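Chains as they are written, first to last, in this note's numbering: chain C, 14 to 362; chain R, 14 to 362; chain Y, 14 to 362; chain X, 14 to 362.
Every residue gets a Cβ at the ideal spot worked out from N, C-alpha and C, and that includes glycine.
What you are looking at is a predicted structure, and each value in this text was computed from that prediction instead of being measured.
In structure tokens:
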């Protein structure tokens, strides 16, 4: 939809616009209003180059996009009935709970193994554990590949699938070789299209492997978030979970601006399951239970939570963000009860 | 600086906090106020783990950071007198102008070669040209390595250094092998610490090679932006230019929220030159001259601009964002005049 | 706390700063750190003029505020045990539910009277109903004082207290004379200090009258929100409810950016009850039940909801935002159940 | 323009929508696209109640507004040739400079009288001076009506028109009776529609009286800002200046987020002159000259600046924000030179 700066286009402008859209196989249809005429682009308006050329015209105020820019992840695509499982839990069928440490301390493997057992007992379906870490400060601990063995040992002992963040191709290969079930793309790489393509290529054909894609740090358009998932799915494996985790600038007092509220908006555009991360959203253990419940209230399909048997002796964000297993157990019980009570509302949607 | 939730810490809390900071070689000093006591951390407070552990305590309201988290890029570091050159232009010595196409069309090399010549004539010191492109839409044109040859041919013909964006290790290697002078890290990879490390490693020892680091899409803390530069510099080559380019969420009507105004704030924290990109900030050619002048008004050291001999036949963002060589020439003249007139103000700062 | 731009102040600077703080009855205490010295202001640092004078010094990077700028509304004030009642509901003792139309249609009194009866049956404790309306468009319906009679008639029929927005002194006087129980200050007047003073003066001594203060449209500091409540309380009546209602810029797809997540942060600073308005936050009836539950999850003491027996025949925001009585009844039941289940968590806080 | 959630409306939905728009004298016209059908509202779509009713339909994704919601202030209205003068300066004809103290100290009249003389010599066209002040903290100095006499005395001595902020009807009456030339509506009252109406009513017929309307604190839609001006103009006097002054949340390091960049966007929608206030935008004297020049670069018609002969002995924001007359003089010279050099660009627009 083309909105001119003036009340209508001149005949010469109509001619120029008609020629541009014709190059992309589209036609122009004027919509004559009482005060202003606007112009519909009839055809497939999704070519960004056509949009850019039209937006480049002096006499165009703006272009309103009508069509969804993604194909596979769209709620109206054939994939809408696709089901994703993480371990024993099929998304959409009870609340998925992923829990574990922000960062695995390679010098303290027992902490992670104990945390893994404890979060399982607290009701978690899958374990999270950071092997490689993106850190703002270049002189902070950046993770250690040896932690991957600890992560997989925890998986074997608990029988739970594991989630870990990958930041480059080498991580992807090491993680998949080790048997990691869910690859996480972090917020800082949420629009790193090279990495998204590498992940998409790596998991093509691996129908049991899942990607958890965090939302970028900025409060950007939802279509940008879903398009990032489309990058991965375009290689053939649409097992992508969307993970809101708070945006910047932060809400004063929290680590980020909580964004669990985008869940219903995502669900109107995409069939992809939504797994919210309240731990990064609020950034402090004391606020996590409330934020987790709020995410369930907004209709999420899962939660990703930081937990640690002894937060003050954790590394990374754990001393600040991780809840104890006791808090986790209470939180999971309340969250699952609320999720179950909302089943009629989901069924009606 | 530790601010307790209550008016002061209890003796037991003081003991616990004292023990934590002691693990990191620091001491605690209470500041007794009329209504409230706060607690200074005496020593090097930059260890993030210490901060995280303190922030994890229930009775702590917040920690105010006093010290700069970066070392090499700090305005007060020994590197403050380091000078960076791009081709014949030393930063700080006249306004650096980088200009050229968003994207090189591999099927239309003559466009880029003509643009290069034209922007040189308009006064540019260096050429920009996109070889590989990060695109929101996975089905859009993603760039083509053959464009690298066109870029280098333009450099040879004009004698100007060239800038191109790299998104993965393979791009870095190809670009450096071809002789690219300035590697650009784009906004979507601004916090991709794997890539920052790869770039830092690749340019270590190459004293003629420069990195232009774009600001991340979110309106995040300036220390995060400077820390990203520190990642690169930590490998030995501190030739990093900081490039604000607008943030999200956008200002209605522009592509982004213009952020040239951070320039004076950056300069209070870091010695790194600031090169503003008005083209991405406002996202439409008609607004670029005003935004470029505003950036100079705010004290930037350089501009990075999209220009094209025939914008409507460009690809990528060019039909929308690129100015013509004639507009560029007028803009460069006015920008350099304003920059020169501000020399006394800079000298006084 | 004074942070200098350089690593420490010069003796002359120390002298100047000492003289300034002495004018306000304070002393300066240096905190000598390993790399940097900062300076505590010992005494009552709340005078804004002192802060402004210190921030005006060239060599000062920033001032970190330590003390709370409000006295009566502070969580640590003597008023912390004050209890506010709206009709039969004491805040903090079960979830307060306020519901009703955005706007009373003066030509259709029966709609409001039916809505009032229906929301009472759905479990509401109080009725909301707009008599005067702040509208972006000067040519839209701005309300009508005749609606005040309809509002009071609804109160008499249902026995419920009523809430209505006041925008100027005349509204305050008319509303109080008519017997309105809760005066609402809207988001656009949330920092209209003249109006806040007029309301504070008008309700001084009326211990049964309550003010519901909406949050300003911008995502501003929480201390600014609480200070606005302090304006009212300073005249003697601290019956103020804080009402988050979403901020701007909006989250794409909602009317505003939902902000129920500030509830726990408010409660750390003030004893004032928090009543969230999900209707304005999301701005569309279909999202209201989820947003209301999320607000309860975050610990609010009450909800303010738009409801209408026949939304499509309402005026103002009702066709878009109002839920039907049936939806309201389900929402209230679930919200009260969740609120009750969180009682142990509140008791522990 | 109506965008349905699904690819097209069902016949029943078309019927319902057609009936709604018909109530408001409009017709529905489907635009059949390759993938999706959208529906234009043909007629005057500006009635907010019609929009609300359409947005309230379950099957509607969103409504795209096509028409301008304001009539008098629209760039395409008959008033586009209206010219506003402040004293000897006609807006659009050379850069208007308003300068003076944030707050007049009623105990120190000589400060204001000296400042007035000094800013006149520095090139100002009009004097600003705060008589009544909106203050976040209820216990801070709130202004004093006695300052009004000092303001008018300064006007008489210098021959310059004066600007002061009004916050309630009593202020408006006192200011107009005293002969104030420009009434300022502050950011906190920018959407206080009662006050806007009172001002509009009070200045109707006073063709020499002007209103300077500051932008609201939130980064809201530009149409909302212009609609606030329309409130005033609707009473018959369209002498309204639009004043961007920075928005919240602040940019870390400044008082607000600078927003001079909205100037070209405002000018595409309205003929109203734009007068930028850099002092409140950045909030610290050292940054004001750069921000003022940036505003001129973006095409503003005037500047409103805080200045004081002795900032450290000012009250209100002056110790922090006010520039000295010497700085002001340099700033005005550079700003007017830049403004003059941009005349060809303005003429071309």
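In terms of alpha-carbon separation, which member of the options lies closest to residue i?
i	options	result
residue 182 of chain Y	Y/198, Y/220, Y/275 and Y/38	Y/198
residue 390 of chain Y	R/195, R/157, R/18 and R/242	The question about residue 390 of chain Y has no answer here: the residues shown for chain Y are numbered 14 through 362.
residue 144 of chain C	C/291, C/123, C/184 and C/57	C/184
residue 319 of chain X	X/232, X/77, X/298 and X/261	X/298
residue 302 of chain Y	Y/328, Y/340, Y/330 and Y/273	Y/340
residue 292 of chain X	X/123, X/28, X/179 and X/329	X/329
residue 93 of chain C	C/27, C/105, C/80 and C/135	C/105
residue 357 of chain Y	Y/140, Y/275, Y/262 and Y/107	Y/107
residue 175 of chain X	X/48, X/336 and X/100	X/100
residue 304 of chain X	X/259, X/278 and X/279	X/259
residue 220 of chain C	C/205, C/232, C/195 and C/33	C/195
How would you label residue i, buried or exposed, when you count the other beta carbons within 10 angstroms and need 16 or more for buried?
i	result
residue 223 of chain C	buried
residue 326 of chain Y	exposed
residue 114 of chain R	buried
residue 45 of chain X	exposed
residue 120 of chain X	exposed
residue 40 of chain R	exposed
residue 201 of chain Y	buried
residue 20 of chain Y	exposed
residue 273 of chain Y	buried
residue 135 of chain C	buried
residue 24 of chain Y	exposed
residue 12 of chain C	Chain C is shown only over 14 to 362; residue 12 of chain C falls outside these bounds and no answer can be derived.
Measuring straight from C-alpha to C-alpha, what distance separates residue i and residue j?
i	j	result
residue 266 of chain R	residue 170 of chain C	55 Å
residue 313 of chain R	residue 235 of chain R	16 Å
residue 322 of chain R	residue 110 of chain X	39 Å
residue 192 of chain Y	residue 173 of chain Y	12 Å
residue 138 of chain Y	residue 42 of chain R	51 Å
residue 254 of chain R	residue 288 of chain R	7 Å
residue 148 of chain R	residue 209 of chain C	12 Å
residue 361 of chain R	residue 70 of chain Y	16 Å
residue 118 of chain R	residue 79 of chain C	28 Å
residue 345 of chain Y	residue 256 of chain Y	18 Å
residue 214 of chain X	residue 290 of chain X	26 Å
residue 207 of chain X	residue 211 of chain Y	14 Å
Near residue i, which residues of its chain fall below 7 Å by C-beta distance, leaving aside the five closest residues on each side in sequence?
i	result
residue 306 of chain X	347, 348 and 351
residue 296 of chain X	267, 268, 269, 333 and 334
residue 131 of chain C	322 and 338
Once the 5 residues before and after residue i are set aside, which same chain residues still bring their CB inside 6 Å of it?
i	result
residue 96 of chain R	103
residue 126 of chain R	167
residue 216 of chain C	222 and 250
residue 366 of chain Y	Here chain Y covers residues 14 to 362 and nothing more, so residue 366 of chain Y does not appear.
Could you pull out every residue in the same chain whose Cβ sits closer than 8 Å to the Cβ of residue i, ignoring the five residues on either side in sequence?
i	result
residue 203 of chain Y	226, 227, 228, 229, 230, 238 and 241
residue 122 of chain Y	163 and 166
The region 187–205 of chain X / the region 281–296 of chain Y touching (three or more Cβ pairs under 8 Å): No contact exists between the region 187–205 of chain X and the region 281–296 of chain Y.
The region 238–250 of chain C touching the region 248–268 of chain Y, judged by at least three CB pairs closer than 8 Å: They do not touch, by the three-pair rule.
Three CB pairs or more closer than 8 Å across the region 51–60 of chain X and the region 55–66 of chain C: Contact fails: fewer than three Cβ-Cβ distances are below 8 Å.
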